[in-house]
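Engineer:
Residue numbers (our numbering): 261 to 671.
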């Protein structure tokens, strides 16, 4: 790309991608405005997936993250792991909300970010929420490792107070490493949100590229590897404890085992959706664009590039789901979480049914007061609460009361 190019990278993926429509020339001098158009013409499947599959992730992710946040904040769920998972749900929810802005800006051409201050501040918050997700998964994975492999340290390190401190520290760390994005991006004189020319000079050797690759290699490569290592240690120790309990104690700590399974499921899902994206984006420079003169029809170099873009798009969409599917993992693997969800759902249903029923208590109280004040008159009401017009009079010479229809309530 040209030295003073304006590069729009795909912040919906871990690593910066130079595959999106930009105002700079593409590889080998490809005209800037045609990069996205080239993909629409020669790799339409990738652009269709990119535009129309992502909304389904939102449909799954928004209600799931909201429900997960509400459930983990319930009083009986507020243990140390619960606080980590509540923070994870909040981070994922914020990320998906900001992801919509990115999709509208980059994929649908609605320039939401071409606003002063928004241009500089948006990548800070967006990347902070994106980085916070794997960091939180690492945090509760380490806590589970301490709880299982070092049980005597559990009381010291696995507390709700320490969990809150760790969450705040992770947020500050994520915000700190992304604060420089406010300098990288700026609202230029042409009214566009773009990267500063001096930070992208020298292309892949530019300050922006080196910083972004280093930071995101830390968050999206090293962190998943650490999660994998701690999970292996937890599984090995859990199997050893299970065998010991079976042979000597004839019992098992079912609740602790169930919690471990749920947290392991979340951790492994994070690994399996993050590492493939990291790998496929790392291979970008192995499948470069071809010569623009060999585009129609595409030669073998272009065809390899289009095949790569198609595969990359699918893997990125799968990777995006780890910001949306944690709630459903909790429901499948977490017994206590399911019980709390059912309890909350029953409470909501009962509350709705109660509000839909007539207020029999108020009406019964009013009726008793009326009889006490004037016992000679009694109005018989229909089941829907409206008077039927009949009244009875109590005297010493009682007359036969009127016949009440089956739809009436006799008091």
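Quick reminder that beta carbons are idealized off the backbone N, C-alpha and C, glycines included.
Looking only at DSSP bridge pairs, what is residue 455 linked to?
Structural biologist: Paired residue(s): 445.
Engineer: Could you check whether residue 580 and residue 307 sit closer than 9 Å to each other, using their CB atoms as the reference points?
Structural biologist: no
Engineer: Ignoring anything shorter than 4 residues or poking outside the stretch 333-358, list the alpha helix (DSSP H) runs there in chain order.
Structural biologist: none
Engineer: Taking only three categories from DSSP, how would you classify residue 594?
Structural biologist: Correct three-state label for residue 594: coil.
Engineer: DSSP state of residue 302, grouped into three classes?
Structural biologist: The answer is helix: DSSP assigns residue 302 an H, G or I state.
Engineer: Mapping the DSSP letters down to three states, classify residue 297 as helix, strand or coil.
Structural biologist: In the displayed model, residue 297 falls within a helix according to three-state DSSP.
Engineer: Using 9 Å as the threshold, is the C-beta distance between residue 487 and residue 345 below it?
Structural biologist: no
Engineer: Taking the alpha-carbon positions, what's the residue 424 to residue 440 distance?
Structural biologist: 26 Å
Engineer: Identify, in the order they occur along the chain, each residue of the same chain with its Cβ nearer than 7 Å to the Cβ of residue 484, setting aside the five sequence neighbours on each side.
Structural biologist: Closer than 7 Å at the Cβ level, and outside the excluded window around residue 484, lie 394, 530, 531, 534, 535.
Engineer: Report the start-end ranges of each beta strand (DSSP E) in the stretch 372-414 that is 3 residues or longer and not cut off at the edges.
Structural biologist: Counting whole runs of 3 or more residues, the stretch 372-414 contains no beta strand (DSSP E) stretch at all.
Engineer: Quick test of the definition: if touching needs 3 or more C-beta pairs under 8 Å, does the stretch 603-616 touch the stretch 345-360?
Structural biologist: no
Engineer: With DSSP collapsed to three states, give me the class of residue 418.
Structural biologist: coil
Engineer: Is it right to say residue 321 is buried, meaning 16 or more other beta carbons lie within 10 angstroms of its own, or is it exposed?
Structural biologist: buried
Engineer: Taking all protein chains shown into account, decide if residue 565 is buried (16 or more other Cβ within 10 angstroms of its Cβ) or exposed.
Structural biologist: Counting Cβ neighbours within 10 Å, residue 565 comes out buried, since at least 16 surround it.
Engineer: With a threshold of 8 Å on Cβ separation, who are the neighbours of residue 329 within its own chain once the five nearest residues in sequence on each side are excluded?
Structural biologist: 346, 349, 350, 353
Engineer: Where do the N-terminal and C-terminal ends of the alpha helix (DSSP H) with residue 565 fall, by residue?
Structural biologist: 560-580
Engineer: By Cβ distance, which residues of its chain are closer than 7 Å to residue 591, with the 5 residues on each side in sequence left out?
Structural biologist: 597, 598, 601
Engineer: Report the three-state DSSP secondary structure of residue 440 (helix, strand or coil).
Structural biologist: coil
Engineer: List the whole-angstrom C-beta distance separating residue 459 from residue 467, where the pair is believed to meet the contact cut-off of C-beta under 8 Å.
Structural biologist: 5 Å
Engineer: What does the alpha-carbon distance come out to for the pair residue 594 and residue 586?
Structural biologist: 11 Å
Engineer: From the DSSP output, in three-state form, read off residue 462 for me.
Structural biologist: coil
Engineer: Measure the CB-CB distance between residue 538 and residue 481 and report whether it falls below 9 Å.
Structural biologist: yes
Engineer: Can you give the Cα-Cα distance for residue 389 and residue 542, rounded to whole angstroms?
Structural biologist: 22 Å
Engineer: For a test of your reading of the model: does the CB of residue 592 fall under 8 Å from any non-hydrogen atom of the ligand ATP? Yes or no.
Structural biologist: This structure simply doesn't include the ligand ATP, nor any ligand for that matter.
Engineer: On the CB-based measure, 16 or more other CB atoms within 10 Å of its CB, does residue 391 come out buried or exposed?
Structural biologist: buried
Engineer: Excluding sequence positions up to five away, which residues of its chain have a Cβ less than 7 Å from the Cβ of residue 363?
Structural biologist: 314
Engineer: Counting along the chain, where does the alpha helix (DSSP H) carrying residue 368 start and finish?
Structural biologist: From DSSP, residue 368 is part of no alpha helix (DSSP H); its letter is neither H nor E.
Engineer: Check for me: the alpha helix (DSSP H) holding residue 475 runs from which residue to which?
Structural biologist: 467-477
Engineer: Excluding the five sequence neighbours on either side, which residues of its own chain have a C-beta within less than 7 Å of the C-beta of residue 448, listed in chain order?
Structural biologist: 454
Engineer: Leaving out five residues before and five after residue 522 in sequence, what residues of the same chain have Cβ atoms less than 8 Å from its Cβ?
Structural biologist: Same-chain partners within the cutoff: 589, 590, 593, 594, 597.
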